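With numbering that gives the first Met the number 0, letter number 79 in the sequence shown gets 78, and the count goes up by one each step, no holes. Ideal placement from N, C-alpha and C gives every residue a C-beta, glycine not left out. Please read these numbers as outputs of a predicted model, since none were measured by experiment. What follows is a single structure, written as structure tokens, with notes after it.
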Amino acid sequence: MFITKFTQKLEEYVQKNPLLYKIMLAYYKPLVKCEIRLAGIECTDKVLCVGGGSCPITAILFRKYTGADITVIDNNPYCVKNAKKFLNKKGIDGIDVVCCEGIKTCCNNYSVVHLAMQVSPMEETLKKLMKDAKTNARFLVRTPKRIFTKLYKAKVDCNKAINSTRHTLFANVGYTMLFRNIK
Ligand SMILES: C[S@@+](CC[C@H](N)C(=O)[O-])C[C@H]1O[C@@H](n2cnc3c(N)ncnc32)[C@H](O)[C@@H]1O
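Right, here's the structure in full:
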């Protein structure tokens, strides 16, 4: 996907440029705060972030605001290597980064699973992870604003969501949907 390559490249620059990193943090902060409230994430949660990129800002903010243990996965080894280096350089602990395909991840250890907007294939990955996850695990899925839908392949059956949060005008994310694994 063009947008995935674009974001990956952008995140490489963000890693190297403190000002860009500050801007990215400011962009992600309100988004992530809404998602923490939506899923009620606490320090006792174990959070899996699917699709962290080179600069896993969502994971960094989840950790910062909740203290929860975080695992980030990405299917791009280059991004994984970069992300590990970045977290190390920043002295951020409590975040594990693993190279793995979303759909092949074992997620029965996590109470919260977050899927980035570029995760592809989104619907199949969500279905498979929800099937394997423990009962009552919460799933947060970002969906693009309507004007950006053509850039993303994400197709999610939002009717099954139990709640959602709408993001600000300035974000490319329209809503984050909350699903709960009720078996
Ligand atoms: C660029 S990031 C955006 C996330 C952003 N850094 C954040 O903190 O929210 C999106 C990443 O998702 C990864 N990705 C896409 N599909 C995936 C999948 N099926 N499994 C694992 N990672 C995936 C891409 O490799 C890409 O690096």
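Item, Value
"Check this for me: beta carbons of residue 7 and residue 53, under 8 Å apart or not?", "yes"
"Answer yes or no: the CB of residue 35 versus the heavy atoms of ligand 1, is any distance below 7 Å?", "no"
"Rounded to whole angstroms, what's the CA-CA distance from residue 43 to residue 110? Just pull it up for me.", "9 Å"
"If you compare alpha carbons, which of 124, 172, 160 is closest to residue 145?", "172"
"Check the DSSP bridge columns for residue 20 and list the partner residues they point to.", "DSSP lists no partner for residue 20."
"Bridge partners of residue 163, per DSSP?", "176"
"Taking three-plus beta-carbon pairs below 8 Å as touching, is the stretch 67-75 in contact with the stretch 83-96?", "yes"
"Which whole-angstrom value is the C-beta distance of residue 167 and residue 29, which I expect to be below 8 Å?", "6 Å"
"From residue 113 to residue 170, what distance separates their C-alpha atoms?", "17 Å"
"Measuring CA to CA, which of 154, 139, 148 is closest to residue 33?", "139"
"For the alpha helix (DSSP H) containing residue 60, name the first residue and the last one.", "56-65"
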